[in-house]
Amino acid sequence: MELSAKGKMPWITYNNNDISDSQICIEFLMKEFNKDLSNHLILSQRAIARAFLKMTEESLRWLIF
1 MELSAKGKMP WITYNNNDIS DSQICIEFLM KEFNKDLSNH LILSQRAIAR AFLKMTEESL
61 RWLIF
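For what it's worth, my numbering labels the leading residue of the sequence shown as 1, then goes sequentially.
See the structure below:
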């Protein structure tokens with residue numbers, strides 16, 4: 001599997017720019033296309049979603065390696 005220049009995975013190349021890390025990719029694309037994927041959530045639900053995402057990313061990273 002190919003890693004990004006920062007040694008991260010997943011990553012995307014958009015307009016010749018490499019963007020690493022799943023959350024950074026999602027935030028970049030949301031900003032680029034002016035979309036808010038969590039606009040239907042209340043603040044506490046957004047916090048829970050963010051915590052779950054980070055927990056999943058950190059836990060799965062060790063499984064991949």
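Every residue gets a Cβ at the ideal spot worked out from N, C-alpha and C, and that includes glycine.
Start and end residues, alpha helix (DSSP H) containing Ser22: 22 to 32
Short Cβ contact (8 angstroms threshold) for Ser38 with Arg46: yes
Euclidean distance between Cα positions of Trp11 and His40: 27 angstroms
Can you tell me where the beta strand (DSSP E) holding Ile12 begins and where it ends? 11 to 14
Look up Ile19 in the DSSP assignment and say whether it is helix, strand or coil. strand
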